[in-house]
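Here the structure is laid out as structure tokens; the discussion comes afterwards.
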Amino acid sequence: MNANQRISDEHSPTGVEGNGSEPFVHQGEQDQPLSEAVTVAVAEKTGLDDPLAVASEFGPLYDAVDPAALDALFEPTSTSNRSAGTITYTYAGHDVEVDTSGRVRLFRLE
189 MNANQRISDE
199 HSPTGVEGNG
209 SEPFVHQGEQ
219 DQPLSEAVTV
229 AVAEKTGLDD
239 PLAVASEFGP
249 LYDAVDPAAL
259 DALFEPTSTS
269 NRSAGTITYT
279 YAGHDVEVDT
289 SGRVRLFRLE
């Protein structure tokens, strides 16, 4: 995790309150990897027709967060179902908040 990433046990954005704008919210599909839900959300928010175009427009997601680690972060383990928590990081000109339900919230950076 780098300085632009934050993990929280609460379901509220960390470090993004008070920015004066409502977040863009995307709910990922139930079996969709979180990294894919993020690229779909960014594509929708920025008007790109294809989520694959997000990397061309904003750089690869792995420059902001390890996609494999993001996908595994909330996966159940043998001792825990990891049913609560969020991670927030910066990507594509937004603070990106992802939670255990697959909800992606994008907060525009000012």
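The sequence shown: position 50 = 238 (the numbering used here), numbered continuously.
Ideal Cβ placement from N, Cα and C applies to all residues, glycine included.
Which same chain residues, not among the five before or five after Q215, have their C-beta less than 6 Å away from its C-beta? Excluding residues within five positions, the ones whose Cβ falls inside 6 Å are R291.
Going by Cα to Cα distance, which pick from D251, G247, F246 and I275 is closest to A260? Considering only alpha carbons, the answer is I275.
Taking only three categories from DSSP, how would you classify F212? Here F212 sits in strand by DSSP.
Report the residue from V253, S223 and R296 whose alpha carbon sits nearest the alpha carbon of P239. Of the candidates V253, S223 and R296, S223 places its Cα closest to the Cα of P239.
Could you please give the first and the last residue of the uninterrupted alpha helix (DSSP H) stretch that includes D259? Per DSSP, D259 is one residue of the alpha helix (DSSP H) stretching across P255 to L261.
Closest to N269 by CA distance: which of A280, T288, Y277 and P248 is it? Taking N269 as reference, the option from A280, T288, Y277 and P248 with the minimal CA-CA separation is T288.
Considering only DSSP beta bridges, list what L294 is partnered with. Bridge pairing for L294: F212 and V284 [DSSP].
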